[in-house]
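Presented below is the structure to which this report refers.
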Amino acid sequence: MFSESIIEETVEVDIFGVKADVDIRLTESGSIEATLPEMVQVDGPIENDLYDFEGKKNSNTQVELLKCSVSESGRFVAGEPSKFYASSISPSEIIIDSSGGNAIVNEEVTVEIDVLCFLPSNPFIDSVEELPLLERDDWSIYGESLDDRETRVGLIKEFKRPLRTATIEVRQEVNGPPSRQVEKALEQIQEVVELTSFIQGVEPTPFRARVTAVDGDEYSERYEEWFTKYRRSIGCAFTDSNFIYADLRDYLDEAYDDYLDNREPYRLHMVISWYLDALNATRTLDTKMASICSGTELFAKRHSDHGPGYYKTRNRIGYLVNKLCVETEDLAEFSGTYDTSYSQASDGNNNTVGVWSKCVQKLFSILNLDSDEEEVNYTHEYFYSYSRQYVIHGDNLKITNDELYRDYEATLTLFQRLIRNQLLDIENLENYNKLSNLNPEDSRV
Numbered sequence: 001m002f003s004e005s006i007i008e009e010t011v012e013v014d015i016f017g018v019k020a021d022v023d024i025r026l027t028e029s030g031s032i033e034a035t036l037p038e039m040v041q042v043d044g045p046i047e048n049d050l051y052d053f054e055g056k057k058n059s060n061t062q063v064e065l066l067k068c069s070v071s072e073s074g075r076f077v078a079g080e081p082s083k084f085y086a087s088s089i090s091p092s093e094i095i096i097d098s099s100g101g102n103a104i105v106n107e108e109v110t111v112e113i114d115v116l117c118f119l120p121s122n123p124f125i126d127s128v129e130e131l132p133l134l135e136r137d138d139w140s141i142y143g144e145s146l147d148d149r150e151t152r153v154g155l156i157k158e159f160k161r162p163l164r165t166a167t168i169e170v171r172q173e174v175n176g177p178p179s180r181q182v183e184k185a186l187e188q189i190q191e192v193v194e195l196t197s198f199i200q201g202v203e204p205t206p207f208r209a210r211v212t213a214v215d216g217d218e219y220s221e222r223y224e225e226w227f228t229k230y231r232r233s234i235g236c237a238f239t240d241s242n243f244i245y246a247d248l249r250d251y252l253d254e255a256y257d258d259y260l261d262n263r264e265p266y267r268l269h270m271v272i273s274w275y276l277d278a279l280n281a282t283r284t285l286d287t288k289m290a291s292i293c294s295g296t297e298l299f300a301k302r303h304s305d306h307g308p309g310y311y312k313t314r315n316r317i318g319y320l321v322n323k324l325c326v327e328t329e330d331l332a333e334f335s336g337t338y339d340t341s342y343s344q345a346s347d348g349n350n351n352t353v354g355v356w357s358k359c360v361q362k363l364f365s366i367l368n369l370d371s372d373e374e375e376v377n378y379t380h381e382y383f384y385s386y387s388r389q390y391v392i393h394g395d396n397l398k399i400t401n402d403e404l405y406r407d408y409e410a411t412l413t414l415f416q417r418l419i420r421n422q423l424l425d426i427e428n429l430e431n432y433n434k435l436s437n438l439n440p441e442d443s444r445v
């Protein structure tokens with residue numbers, strides 16, 4: 001299924017001044033393929049660069065093949081001039097446009113976007129209908145799973161490769177030509193994609209966008225873009241243990257506006273990217289642990305930079321954990337390298353009730369350090385420091401695989417709780433099913 005075509009076209013393209021037919025196709029895995037039925041003779045050697053080519057499908061439809069790499073073949077016969085040929089081209093983007101660039105003004109425009117690795121609804125509920133995901137004053141976003149999404153998710157799990165699973169529809173009132181409509185729609189879904197990737201553990205990836213309707217009527221022209229410019233992170237590949245299902249509409253509606261405000265100051269998109277790296281089943285345990293450490297330290301540094309300005313990792317992490325009011329005692333006790341003799345008994349509640357007072361007390365002590373050279377007695381917040389030194393600096397070589405695994409699971413849960421508490425009001429977590437109860441698990445068999 002990964003290599004099956006969604007659409008195939010033959011277009012005429014001007015390649016270095018020579019008109020040639022090019023077969024283009026878009027696959028279910030989001031790959032753009034272009035084939036030259038015959039090699040194209042060119043004037044001389046082709047430089048190793050990226051090229052843009054223009055062409056047409058018919059008299060009314062223009063085609064652009066953008067950021068193309070070109071492979072060259074040569075023929076060299078003694079006593080004859082050398083001949084050079086373009087033997088293949090590989091575009092990164094394709095635009096097909098019959099609109100003539102005419103603007104759409106004062107009308108609602110619908111842009112449909114094909115997406116890899118995206119589930120708009122609970123994967124355990126049999127629903128493929130269009131679902132509203134997020135609405136604001138002048139735009140709204142809807143999601144719809146493909147009919148055979150269960151088969152597709154199964155293939156993603158098995159092969160650890162991205163595959164088309166759904167479409168996202170953006171309805172917006174934006175004045176401008178179709179190119180502007182698509183550009184704006186892709187901008188609108190960017191934060192939605194990032195927020196969704198946290199609870200899915202997989203990053204949804206747009207790869208085709210089309211203008212499909214104007215004021216509810218089918219668009220009379222054709223405008224679509226194929227592209228490969230988005231990162232394709234397989235993350236946890238929809239494994240159940242890391243799929244933190246929550247009602248996507250409620251989650252997006254609560255998290256979206258604050259995420260917009262805090263995305264850049266706290267580098268939240270980068271933090272979530274590190275989180276996805278830490279879930280990737282194709283990576284080794286120590287590299288996944290290193291991703292968690294890097295993401296947590298980035299997160300802690302950004303919060304500290306906008307607060308007390310600590311430069312010691314331990315103080316930054318202590319500040320972050322207590323500012324976001326994340327319980328860590330149970331994580332320290334689960335971990336493989338933390339000395340539990342320093343632990344106080346946990347009350348068994350790792351989320352909201354009874355945690356606030358401890359957070360406030362510890363945060364107050366952190367903020368009242370005379371200097372960054374002083375340190376609060378962190379017994380739980382930085383419980384994974386031993387394994388952190390191992391994966392980042394190569395210290396503590398006596399750490400066992402079992403200890404590292406338990407530290408990974410505990411620190412992954414810490415990372416999840418930190419991101420969750422950044423995105424959502426922790427007093428309302430009971431509305432979010434698994435999000436309200438994030439605990440480390442030993443899932444080894």
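Numbering-wise (our numbering), the sequence shown opens with residue 1 and increments by one.
Even glycine gets a Cβ: it sits at the ideal position worked out from N, Cα and C.
Whole-Å CB distance - residue i paired with residue j, under 8 Å assumed
i, j, result
"Val192", "Ala209", "Wrong, their Cβ atoms sit about 14 Å apart, outside the cutoff."
"Ser98", "Glu221", "5 Å"
"Gly276", "Glu203", "For the record, residue 276 in the displayed sequence is Leu; it is not Gly. With a Cβ gap of about 6 Å, Leu276 and Glu203 count as contacting."
"Thr167", "Cys117", "That pair is no contact at about 13 Å."
"Val211", "Val111", "6 Å"
"Pro132", "Phe84", "About 55 Å; that fails the 8 Å criterion."
"Leu195", "Ala255", "6 Å"
"Val13", "Leu50", "The pair is not a contact, with the Cβ atoms about 15 Å apart (cut-off 8 Å)."
"Leu412", "Ala278", "6 Å"
Status (buried if at least 16 other CB within 10 Å, exposed otherwise) for residue i
i, result
"Ile7", "exposed"
"Ala451", "This structure gives no information on residue 451, because the portion of the chain shown stretches from 1 to 445."
"Tyr319", "buried"
"Lys434", "exposed"
"Ala410", "buried"
"Gly101", "exposed"
"Thr400", "exposed"
"Tyr408", "buried"
"Tyr432", "buried"
"Glu329", "buried"
"Gln190", "exposed"
"Tyr311", "exposed"
"Lys301", "buried"
"Leu248", "buried"
"Gly154", "exposed"
"Gly143", "buried"
"Thr10", "exposed"
"Gly394", "exposed"
"Leu397", "exposed"
"Gly74", "exposed"
"Gly295", "buried"
"Ser121", "buried"
heavy atom of the ligand COA below 7 Å from residue i C-beta
i, result
"Glu329", "In the structure on display, the ligand COA does not appear, and there are no ligands present to speak of."
Spatial neighbours of residue i in its chain, beta-carbon cut-off 6 Å, leaving aside the 5 residues before and after
i, result
"Ala86", "Ile15, Val40, Val42 and Val70"
"Val18", "Val40"
"Phe334", "Ala410 and Pro440"
"Val105", "Asn175"
"Gln416", "Leu438"
"Glu4", "Glu28"
"Ala185", "Val111 and Val170"
Beta-carbon gap between residue i and residue j smaller than 8 Å
i, j, result
"Gln188", "Val214", "no"
"Pro91", "Ile141", "no"
"Tyr386", "Thr337", "yes"
"Ile113", "Phe238", "no"
"Thr27", "Val115", "no"
"Ile426", "Glu381", "no"
"Leu134", "Leu268", "no"
"Phe383", "Leu331", "yes"
"Ser29", "Arg152", "no"
"Trp226", "Gln172", "no"
"Ile96", "Glu224", "yes"
"Thr228", "Phe198", "no"
Residues near residue i in its chain [Cβ-Cβ closer than 8 Å; skip 5 each side]
i, result
"Tyr405", "Leu285, Gly336, Asp442 and Arg444"
"Cys68", "Ala34, Leu50, Tyr51, Asp52, Phe53, Ile89, Ser90, Pro91 and Ser92"
"Asn242", "Gly201, Gly235, Cys236 and Leu279"
"Glu129", "Glu144"
"Asn262", "Leu268 and Gln422"
Same chain, Cβ closer than 7 Å to residue i, five either side skipped, listed in chain order
i, result
"Ala103", "Asn175, Gly176 and Pro177"
"Cys293", "Arg388, Val391 and Ile392"
"Ser341", "Note that Ser341 scores 39 on pLDDT, short of 50, meaning its location in the model is unreliable and no value can be drawn from it."
Worksheet item: Can you find at least 3 beta carbon pairs, one from the segment 288–301 and one from the segment 382–394, that sit closer than 8 Å?
Response: With a cut-off of 8 Å, the segment 382–394 and the segment 288–301 count as touching, because enough Cβ pairs lie within range.
Discussion item. So, does the segment 314–333 touch the segment 418–431, judging by three or more C-beta pairs under 8 Å?
Written reply: Counting Cβ pairs under 8 Å, three or more are found: they touch.
Worksheet item: Quick one: any contact between the segment 302–312 and the segment 220–239, if contact means 3 or more CB pairs under 8 Å?
Response: The segment 302–312 vs the segment 220–239: no contact.
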